[in-house]
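What follows is a short report on a single structure.
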Amino acid sequence: MFVGNVTPAHYDEQQNFFAQIKGYKRCILFPPDQFECLYPFPVHHPCDRQSQVDFENPDYERFPNFKNVVGYETVVGPGDVLYIPMYWWHHIESLLSGGVTITVNFWYKGAPTPKRIETPLRAHQKVAIMRNIEKMLGEALGDPHEVLELDRRVEYYDSIYGRSSLVSVCAAEANTSDCCCYIWHDHHSWVNLSPNISGPGYRRSHLPNDFRART
Numbered sequence: 001m002f003v004g005n006v007t008p009a010h011y012d013e014q015q016n017f018f019a020q021i022k023g024y025k026r027c028i029l030f031p032p033d034q035f036e037c038l039y040p041f042p043v044h045h046p047c048d049r050q051s052q053v054d055f056e057n058p059d060y061e062r063f064p065n066f067k068n069v070v071g072y073e074t075v076v077g078p079g080d081v082l083y084i085p086m087y088w089w090h091h092i093e094s095l096l097s098g099g100v101t102i103t104v105n106f107w108y109k110g111a112p113t114p115k116r117i118e119t120p121l122r123a124h125q126k127v128a129i130m131r132n133i134e135k136m137l138g139e140a141l142g143d144p145h146e147v148l149e150l151d152r153r154v155e156y157y158d159s160i161y162g163r164s165s166l167v168s169v170c171a172a173e174a175n176t177s178d179c180c181c182y183i184w185h186d187h188h189s190w191v192n193l194s195p196n197i198s199g200p201g202y203r204r205s206h207l208p209n210d211f212r213a214r215t
C-alpha cells in the first residue's frame with residue numbers, strides 16, 4: 001500500500017494491478033524498449049531497476065538519450081485499476097490538489113518460463129537477459145564496478161559499428177482509450193504523438209503541462 005508520495009521511475013519483474021483507492025495519481029509509463037533512454041542503476045546497486053535520471057532536473061550530459069524517451073500518461077482515480085505489465089517503467093506522482101492518495105498494488109508472476117525460446121525476442125525478454133548477464137559478469141569479475149567499465153567499452157564499439165543493444169519491438173503496445181503517447185521535450189513538456197488517442201477530459205484538465213504534480 002502507498003499513501004501519497006512520488007515514486008521514481010522503475011520497473012518490476014512482476015505483473016501489477018495498480019488499484020487506486022483514494023485521491024488521484026498521475027502515472028507515466030514507458031515500454032521496455034525505452035531501457036536505453038532511462039539509465040537504470042547497476043544490478044548490484046541498492047536502487048537496481050530504478051532510473052538514475054532526476055525527472056525534475058535531468059542531466060542531459062550524463063543521460064543524453066533521455067531527451068528521446070517516449071512514454072504514456074494517464075491519471076487514475078478512486079475505483080480505477082491500472083494494469084502495468086512486467087518490465088514496464090512507471091513513474092507515479094500523487095496529485096496533491098486531490099488530498100491524501102491511497103493505492104493498493106497486486107503483484108503476480110506471469111506465465112511460467114517457456115521450455116523453448118522463440119525469436120525474435122520481445123523487449124522485456126531482452127531486458128531480462130541483459131540484466132542477468134550484468135549480474136553474472138559482476139559475480140564472475142568479483143567487482144560490480146568492473147562491469148560498468150566493460151559496458152562503456154561495449155557502448156563504444158556499438159557506436160562505431162552502428163549497432164544498438166536493444167531493438168524497439170513494443171512501442172505501440174500501450175495504446176488504449178485512456179492513455180496518451182507523449183515524448184519528453186527539451187522544455188520539460190510532453191508533446192502528444194497520438195492526437196487521435198485521448199483520455200477522459202476531466203482528467204486531462206487536471207494535469208499541468210510540465211512533468212511536476214500540481215501543488
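First residue of the sequence shown? That's 1 in UniProt numbering, and the numbers climb one at a time after it. The beta-carbon is built from N, C-alpha and C at its ideal position, and this holds for glycine as well.
Between the segment 46-63 and the segment 75-86, do at least 3 Cβ pairs fall closer than 8 Å?
-> no
Of the choices Ala19, Pro40, Pro120, whose alpha-carbon is the least far from that of valine 81?
-> By 1-based counting over the sequence shown, the position of residue 81 is 81. Of all alpha-carbon atoms in Ala19, Pro40, Pro120, the one lying nearest the alpha-carbon of valine 81 is that of Ala19.
Counted within 10 angstroms of its Cβ, other Cβ atoms place aspartate 59 as buried (16 or more) or exposed | Along the sequence shown, one-based indexing puts residue 59 at 59. Answer is exposed; the Cβ neighbour count stays below 16.
According to the neighbour-count rule (16 or more other Cβ atoms, all chains shown, within 10 Å of its Cβ), is lysine 25 buried or exposed?
-> The residue you call residue 25 lines up with position 25 of the sequence shown. That one is buried.
How many Å lie between proline 120 and proline 32 at the Cα?
-> Walking along the sequence shown from the start, residue 120 turns up at place 120. Walking along the sequence shown from the start, residue 32 turns up at place 32. Each residue's Cα considered, the two are about 15 Å apart.
When Gly23, Pro64, Glu56 are compared against tyrosine 39, the one with the closest alpha-carbon | Within the sequence shown, the letter at position 39 stands for residue 39. Ranking Gly23, Pro64, Glu56 by Cα distance to tyrosine 39 puts Pro64 first.
For the alpha helix (DSSP H) containing glutamate 56, list its first residue and its last residue.
-> What you label residue 56 is simply residue 56 of the sequence shown in a count that begins at 1. Taken as a continuous stretch (DSSP letters only), glutamate 56 belongs to no alpha helix (DSSP H), as it is neither H nor E.
Outcome for glycine 23 when other beta-carbon atoms lying within 10 angstroms are tallied against a minimum of 16 | Indexing the sequence shown from 1 puts residue 23 at position 23. By the neighbour-count rule (16 or more Cβ atoms within 10 Å), glycine 23 is buried.
Contact under 8 Å by Cβ, isoleucine 92 with cysteine 27 = Here the question's residue 92 lines up with position 92 in the sequence shown. Here the question's residue 27 lines up with position 27 in the sequence shown. For isoleucine 92 and cysteine 27, yes; Cβs fall inside 8 Å.
Answer yes or no: do valine 53 and phenylalanine 66 have a C-beta to C-beta separation smaller than 8 Å?
-> Along the sequence shown, read from residue 1 onward, the residue named residue 53 stands at position 53. Along the sequence shown, read from residue 1 onward, the residue named residue 66 stands at position 66. For valine 53 and phenylalanine 66, yes; Cβs fall inside 8 Å.
Does DSSP put leucine 29 in a helix, in a strand, or in coil?
-> Indexing the sequence shown from 1 puts residue 29 at position 29. DSSP places leucine 29 in strand when its eight states are reduced to three.
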